[in-house]
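This report refers to the structure that appears directly beneath it.
In my numbering, the protein residues as written are 74 to 245.
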């Protein structure tokens, strides 16, 4: 049996009930390596992929669409990178004087069009994400969270008690 390494997960971050995790094992390693020592145990305990059997089929299909679109965006970023390079050149040209303005303006317009073209797959992925979020409504995910994380300290905003977020300062 192949273990999943991506999908919808509870407590990907301390301030979000759920989110889409693209690299579960990578996130675990990041938590162990980068988070404060006193936070690691709770973060690892609460961070878990939601089993697919609990999610509506429409939701998992929407996530598959999102991932497919994200891969398209990731593989087709070259026009965006070129637009960024062109923008840097334009800025330098404009800083050197206004005699090159028309040429720079034309190059800029081409760069903007290339950037917008590169963004299409990303925009489609965002739409798939939003539709997925609508499908898996707040009531459903909250009930599922209570079922799968019975001892969770989640208060609707964070997993940390107020003392952790806003430590009391000693009077001087």
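The beta carbon of each residue, even a glycine, is placed where N, CA and C say it ideally should be.
Could you give the C-beta distance for residue i and residue j, rounded to a whole number, given that I count them as a contact under 8 Å?
| i | j | result |
| --- | --- | --- |
| residue 138 | residue 163 | Not a contact, Cβ separation roughly 36 Å. |
| residue 101 | residue 122 | Their Cβ separation, rounded to whole angstroms, is 11 Å, which puts residue 101 and residue 122 out of contact at 8 Å. |
| residue 222 | residue 119 | 6 Å |
| residue 128 | residue 81 | 7 Å |
Spatial neighbours of residue i within its chain, please: CB distance less than 7 Å, with the 5 preceding and 5 following residues excluded, ordered by chain position.
| i | result |
| --- | --- |
| residue 182 | none |
| residue 79 | 94, 95, 96 and 97 |
| residue 88 | 230 and 231 |
| residue 113 | 104 and 105 |
Once the 5 residues before and after residue i are set aside, which same chain residues still bring their CB inside 6 Å of it?
| i | result |
| --- | --- |
| residue 159 | 180 and 184 |
Measuring only the C-alpha atoms, how far is residue i from residue j?
| i | j | result |
| --- | --- | --- |
| residue 91 | residue 125 | 14 Å |
| residue 225 | residue 232 | 8 Å |
| residue 227 | residue 188 | 40 Å |
| residue 154 | residue 84 | 33 Å |
| residue 240 | residue 186 | Interpretation of residue 240 is limited by its pLDDT of 47, a score under 50 that renders its predicted location unreliable; the figure taken from the coordinates is listed afterwards. If you take the alpha carbons of residue 240 and residue 186, they lie about 49 Å apart. |
| residue 103 | residue 110 | 12 Å |
| residue 156 | residue 130 | 39 Å |
| residue 193 | residue 142 | 9 Å |
| residue 161 | residue 178 | 13 Å |
| residue 212 | residue 76 | 28 Å |
| residue 220 | residue 99 | 26 Å |
| residue 244 | residue 216 | In this prediction, residue 244 scores a pLDDT of 44, lower than 50, which makes its location untrustworthy; the coordinate-derived value is nonetheless stated afterwards. Cα to Cα, the separation comes out at about 42 Å. |
Skipping 5 residues on each side, what residues in its chain have a beta carbon closer than 8 Å to that of residue i?
| i | result |
| --- | --- |
| residue 86 | 92 |
| residue 214 | 90 and 91 |
| residue 108 | 116 |
| residue 218 | 83, 90, 91, 225 and 227 |
Please report the residue range of the beta strand (DSSP E) in which residue i lies.
| i | result |
| --- | --- |
| residue 82 | 80-83 |
| residue 92 | 91-94 |
I'd like the span of the alpha helix (DSSP H) that includes residue i, first residue to last.
| i | result |
| --- | --- |
| residue 117 | 110-119 |
| residue 229 | Element bounds for residue 229: n/a, residue is neither H nor E. |
| residue 106 | 97-107 |
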